[in-house]
Each structure stands twice: as C-alpha cells, then as structure tokens.
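Below is one structure, written out as structure tokens; the observations come after it.
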Amino acid sequence: MSRVRLLPDILASQVAAGEVIERPASVVKELVENSIDAGATKVETIIRRGGISLIRVVDDGCGMDRDDALLSLERHATSKIRSAEDLAAIATLGFRGEALPSIASVSRFRLTTRERDAIAGTDIVVSGGRIEAVRDGGEAPGTQVEVRSIFYNLPARRKFLRAENTEARNVEHQLHLQAVGHPHVGFVFVRDERIAFQLPPAATLRDRIRDLYGRELIETLLDVRQPASAATTRVSGLIGRAGVSRQTRAQQLVFVNGRAIESPVLTAALREGYHTALMKGQFPVTFLFLQLDPTAVDVNVHPAKREVRFRDPNAVRETVVAAIRATLESGRESWQQQFRAPEPATQPTLPAPVFSPPDYSGAPPAVVPAPQFEPGSRESAAQSEIAGPRTNGTQHFQIIGVLNKLYVLMENENGLVLVDQHAAHERVLFEELRRRMEEQGVPSQRLLLPQTFDLAPRDAEWIERNSATLRKMGIGVEPFGPSTFRIESVPAFLNPADPVEFMRKVIDGLKSASDSASPMRLGEDMIAKTVCRHAVKANDPLQHPEVEKLIVDLLACELPYCCPHGRPTMIQISLAELEKKFGRKV
Ligand code: ADP
Ligand code: MG
4 MSRVRLLPDI LASQVAAGEV IERPASVVKE LVENSIDAGA TKVETIIRRG GISLIRVVDD
64 GCGMDRDDAL LSLERHATSK IRSAEDLAAI ATLGFRGEAL PSIASVSRFR LTTRERDAIA
124 GTDIVVSGGR IEAVRDGGEA PGTQVEVRSI FYNLPARRKF LRAENTEARN VEHQLHLQAV
184 GHPHVGFVFV RDERIAFQLP PAATLRDRIR DLYGRELIET LLDVRQPASA ATTRVSGLIG
244 RAGVSRQTRA QQLVFVNGRA IESPVLTAAL REGYHTALMK GQFPVTFLFL QLDPTAVDVN
304 VHPAKREVRF RDPNAVRETV VAAIRATLES GRESWQQQFR APEPATQPTL PAPVFSPPDY
364 SGAPPAVVPA PQFEPGSRES AAQSEIAGPR TNGTQHFQII GVLNKLYVLM ENENGLVLVD
424 QHAAHERVLF EELRRRMEEQ GVPSQRLLLP QTFDLAPRDA EWIERNSATL RKMGIGVEPF
484 GPSTFRIESV PAFLNPADPV EFMRKVIDGL KSASDSASPM RLGEDMIAKT VCRHAVKAND
544 PLQHPEVEKL IVDLLACELP YCCPHGRPTM IQISLAELEK KFGRKV
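For what it's worth, our numbering labels the leading residue of the sequence shown as 4, then goes sequentially.
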C-alpha cells in the first residue's frame, strides 16, 4: 500500500507559513518588504488589536497586472530572481516567493493592486488559501494587502499569539527596523485608529532617526567611521557614544545590505568594539549599516530572512570592531570642545566680590594656589573657583568645587558639568595600565609557592600557543608534564587569592574572545576589574591640585566619558535646562 503522498497546495502553503509567518509582525515584515521592493515612496501600515484582527499595508509602488497578481499567490512565484546566479547575489529584500501564498493560506486575505498607467486594478479575495473572488478594483495605483483574522483556520498557531499589546509592540519594532533601514521611504503606522507615527521621506539617516526617536537621542550619536583596514566591507550609520546604553536590544539595529538582521557574529563584534564603554548587562545603541558584495553574504539561511551567513565572518567581525572603536574615539574631540570655559568677554562682572572671575587677560593662565576643599563646607568650595590649566594649549575649564566629596562641579560653555571623581579616576588608571600592558607588559609578581594545575588537551595546546600574550598580561605559566602546567607569576596589581582559579578564568575568557580578537582585550578586562579598588573613592576628600590633575588626565583619555565599566564619568546640565527649571524660558 502506498503511503507517500504529495501535499495539497494549500496544506503545503500552511506548512511553509509555519516558518515564515509566526505572528502579525512577520506579516508586516513581509508585506512592507514587498512594498519597498516595489519601489514605494510611502508605506502605510494599519493594525487593529495587535494585528490579530486586521493588518493592512498600503503602498504606492509599481503594482501588478491581473496575471501577476494571481501568480503572486502561487507558491514559489517571484519576480525577483530567475536563476541560481541571481540567488547567489540577492539585491532585493524578497526572493523566496513564499510570503503572499503563506499569508493567504492562514488568514482572510485581500490583495488590491493597480499598475501606474492601468485603467483598472485587480481585487483578489482569498480565504484560508482558497481564491473566492477576482474582480476589477478601483484603488489608487500601488498595492494594498489586507490580512484579517490571522491563523483563524489554525487554532494551534493562534494559541501561540501573545497579548494584543505585545503583538502590537512587535509590529511597531518591525516597522522601526524598516523605517531606519529605508530612510528615503515615508512610513505611517496606525494602531487601533490612532496614528502611532508618521515619518516623511527623509534625506538622511540622521533625519529619520530624529523623526522616529527624537532630537535627544540624535545628540548622543556619532557618525560611524570606516576603518582604514577594511577593504571589502563598507560600514556606515550612527552609534551611541561611549556610556550610552539601554537595558534591552531594542535600539541595537544592524543592517546587512539593507536588511535588518540578527547575527551572533555582529552582536559579539558590537560588544567587543564597545568593550569597556558599555555597562555590564546593557546594550549599545546602534544603527549600523554593512555593505558587502552580495556574493560574500548568504541571506538564504532562514525562511524569515532574519539571519545571514558571511563567507568570511572573521573579516566582517574585525571590520565592525575596528569601526566601533574608531568611532567611539572620534567622539572624544567634540566632547572635549565642550570643556572650553566661557569666553572672557562674555563673562559678566559680578557686582559683589563673592567669586573672583578667572583672569584670562592674555597672560598665561595663572597657577592659582589651591584652596583646600574642606569636606562639607560649602563656602570653601564656592571660593575655590579658579581657572583650570589650558590643556593642549586651547582648552580650559573651571572647577567650582566638590559636592558631597564625590562630584566635581565644573563650568563649561554649555553650563554645569558634574564629574564623578571615582569613575573619572577609574578611567584614568585604566588607560594608564592598559598602555603599560601594551607597551612593555604589566609587572608580574612571582608566587612564593608556584602551583600546578591540569588542563584538557585542547586547553593545554591553547596555553602553549598564547604564552607570549599571557606574559604581557603578567602571567607566567610553564609546562609541567603532558597536560600539567605550573603557574609561577601573576599580575602584580591583581594579586589573586586563588591563582589556579584565576588561571582557569583567564583561559575561559580568552578562549571565548574570538581567535583573532586583540588578545589584549582580556588583559583589559582584568585591569578594568582591578582599577576599581585603586581609584579614589566616593568619600575621599581631594585637594584642589588633585582634582585639577584628575580632570586634566581625564580629558586626555581616549574614552574620557565613561569609566571602564561603561558608567558615565560626567553629566552635563545645560544652561537651557537650568533656564527652563528657573522658569526663565518656557
Ligand atoms: P517574494 O517577495 O519573495 O518575491 P512574495 O510572495 O512576497 O515573494 O511576493 C511574490 C511576488 O509578488 C513578488 O515577487 C512581486 O513580484 C509581487 N508583489 C508582492 N507584493 C507586491 C507589492 N506590494 N507591489 C508590487 N508587487 C508585489
Ligand atoms: Mg516578499
């Protein structure tokens, strides 16, 4: 008795739909991508009840004639690729020819479409994959797809849907991805009869992000720098400055050839690029665009096209790491600019001799004898306003005092700056130690009693290969039998209580850091952990020259704006904010 059977078409589509269409957001993704592929300049998405009762996507793209419209509902029907060569170098968002038939097989579906110059359009009604009506339609040129009652015929799938709010948020996130990925396309999102956002076609990515997320975010973003070394991957976009982070991945967006993707390779690269500029457990803000030769990246990995496979993942990762680092460091200059104190001419003459304004009159900046900050005394702090030294010949700042034995108060062009003395000192120490490690290796300390430990063969081999790196990090290990090692010295500044335990952690850490990643990265981790102990604490009362030196050193750092754990070292309170608070400005 024969048991193997071909599946009926509708059932086959429903099976395929299982992979492509998980929830309303996946419908929106497929439909919006079709609109963009069709050259739309405006895409409107309307949902009701999280998209569960209705999803409608309307575009002003090229539309379809009646034959194409009917064909587009067949499985494996696509206008986007024709041959295996096309598949190897995909330039459109779609290519699988699966989305429309899949969606139509699991919903009450309606496709209305019209080519630009056609007199009439076409209107096709489908229910659970069965075509119910085909007629002339009178809509404007473009395409409109309406999806009602998703999974009405697949109760098992419907059960997997989440609360309407959650589904709506997923849809919105999906639209954010599309909107950021295609700034030149206008987007409208209507949720339960209310306009959630309305984005005009934007000239630049910056404009689009401002329209979508607001001006405040834009001010924390840096233009991504293309690293000099990268030949095959172009990197562009905007990323958050050091110290800018989020509790979720919602604003960690990465695009490969225009497609928003999720990629462990790239997630790791972002982490590595940010490294100490990111707080533990936090995520960076990135709108990062990678442009690769289409033959160097395979998008045909996942039916939902969320993932890609790079031909040379290491090269891509290295490029991204280098780009992030270069970009974060580029943020330093503009940041330092802000630390110019107000110009002397604009300094008001204070009526009463409460403060003596700094004297900038041509003469080299005075080295003002440092008043001591008496802990807890406001008056003494107030009197300590002085001109800071000019750094790099052009910059200067004004220290006003120290608040609560922790926050250094400073004045700059924009207003008030609060510096966390502990975080600032951590950053300074961190960069100093790192420099030393890179240049001559960190000093190590011999153990009085060298300890032996065993390793699995692969780890043993790894240690042998990396002994030079370990030495730079101040770690001395020698083979002591086939897979036994003796640990003889540890970094002096660390002085771990249990050297063997420490060694195992170092090995794990170095192994999980990717092969060609700077091996110094783990050294950085060690340093970052330890500087905390050596930095001045919140309650250490600092003398004025110390405060001054701390600020000068901080401003000279590569990444001055955050401590090596990614916390900010300083906060700006702008004059505009103060004016608002004092009711001087509405
Ligand atoms: P794919 O996008 O992978 O080609 P789809 O099932 O999503 O597969 O769409 C099938 C075809 O229908 C597309 O190749 C395209 O020619 C046509 N199509 C779908 N949506 C639109 C649209 N909004 N405007 C114009 N043509 C469309
Ligand atoms: Mg498609």
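Note that CB positions come from ideal geometry on N, CA and C, so glycine has one too.
Asked                                                                                                                                                                          : Found
Quick check for students: name the residue ranges of the beta strand (DSSP E) that lie wholly in the region 115-201, counting only runs of 3 or more.                          : 124-130, 133-140, 145-151 and 189-194
Assuming Thr394 is part of the beta strand (DSSP E), what are its boundary residues?                                                                                           : From DSSP, Thr394 is part of no beta strand (DSSP E); its letter is neither H nor E.
Expressed to the nearest angstrom, what Euclidean distance is found between the alpha-carbon atoms of Ala325 and Gly276?                                                       : 7 Å
Does the beta carbon of Leu178 fall short of 6 Å from some heavy atom of ligand 1?                                                                                             : no
What residue does the alpha helix (DSSP H) around Phe433 start on, and which one ends it?                                                                                      : Gln424 to Glu442
Within the present structure, is the beta-carbon of Ala102 separated from the nearest heavy atom of ligand 2 by less than 6 Å?                                                 : yes
Would the C-beta of Asn260 count as close to ligand 1, meaning under 6 Å from any of its heavy atoms?                                                                          : no
Go to Val480, then tell me how far its beta strand (DSSP E) extends in each direction, as first and last residue.                                                              : Gly479 to Pro482
Tell me the rounded alpha-carbon separation between Ala541 and His547.                                                                                                         : 16 Å
Sorry if obvious, but does the Cβ on Glu22 come closer than 6 Å to a heavy atom of ligand 2?                                                                                   : no
Exposed or buried, what is Gln443 when buried is set at 16 or more other beta-carbons lying within 10 Å of its beta-carbon?                                                    : exposed
Considering only their Cβ atoms, is the gap separating Thr48 from Val30 smaller than 7 Å?                                                                                      : no
When every heavy atom of ligand 1 is checked, does at least one fall within less than 6 Å of the C-beta of Thr48?                                                              : no
Compare the C-alpha of Val148 against each of Val129, Pro158 and Ala166 and name the closest.                                                                                  : Val129
On the criterion of 16 or more Cβ atoms from any shown chain inside 10 Å, does Glu36 qualify as buried, or is it exposed?                                                      : buried
Go through its chain and collect everything with a Cβ distance to Ile13's Cβ below 6 Å, but skip five positions before and after it.                                           : Ser108 and Gly132
With 16 other CB atoms within 10 Å as the buried threshold, where does Ala590 fall?                                                                                            : The structure shown does not extend to residue 590, since the chain is modelled only from 4 through 589, so no value can be given for it.
Can you tell me where the beta strand (DSSP E) holding Asp62 begins and where it ends?                                                                                         : Leu57 to Asp62
Does the beta carbon of Arg99 fall short of 6 Å from some heavy atom of ligand 1?                                                                                              : yes
Give me, in chain order, the residues of the same chain whose beta-carbon lies closer than 7 Å to that of Glu142; leave out the 5 immediate sequence neighbours on both sides. : Thr115, Arg117 and Gly124
For Pro563, which residues from the same chain have a beta carbon less than 6 Å from its beta carbon, with the 5 sequence-adjacent residues on both sides left out?            : Leu557
Helix, strand or coil: how does DSSP classify Gly569 here?                                                                                                                     : coil
Assuming contact is defined by CB atoms lying nearer than 7 Å, are Ala263 and Arg320 in contact in what I supplied?                                                            : no
Does DSSP classify Asp528 as helix, strand or coil?                                                                                                                            : helix
Roughly how many whole angstroms lie between the Cα atoms of Asp226 and Thr330?                                                                                                : 7 Å
Kindly examine ligand 2 and report whether one of its heavy atoms sits closer than 6 Å to the Cβ of Asn303.                                                                    : no
Looking at ligand 1, does it come within less than 6 Å of Lys283, judged from the CB to the closest heavy atom?                                                                : no
According to DSSP, Val311 sits in a beta bridge with which residue or residues?                                                                                                : BP columns for Val311 are empty, so no partner.
Just to confirm the assignment, what range does the beta strand (DSSP E) spanning Asp89 have?                                                                                  : Per DSSP, Asp89 belongs to no beta strand (DSSP E); it is in the alpha helix (DSSP H), Ala87 to Ala91.
Beta strand (DSSP E) containing Lys45: first to last residue?                                                                                                                  : Lys45 to Arg51
How far does the beta strand (DSSP E) with Pro453 in it reach, from first residue to last?                                                                                     : Ser447 to Asp457
For Arg550, collect the residues of the same chain with a Cβ closer than 8 Å to its Cβ; drop the 5 residues on either side in sequence, then sort them by chain order.         : It should be pointed out that residue 550 corresponds to Val in this sequence rather than to Arg. Closer than 8 Å at Cβ, skipping near neighbours: Phe376, Ile402, Val405, Val411 and Gln424.
In chain order, what residues of the same chain lie with their CB nearer than 7 Å to the CB of Arg228, ignoring the 5 residues before and after it?                            : Ala326, Ala329, Thr330 and Ser333
Taking the alpha-carbon of Lys583 as reference, which of Val503, Lys508 and Gly418 has the nearest alpha-carbon?                                                               : Gly418
Between Glu310 and ligand 2, is there a pair consisting of the residue's CB and a ligand heavy atom that are separated by less than 6 Å?                                       : no
For Leu295, tell me which candidate among Ala91, Asn173 and Phe98 has the shortest Cα-Cα distance.                                                                             : Ala91
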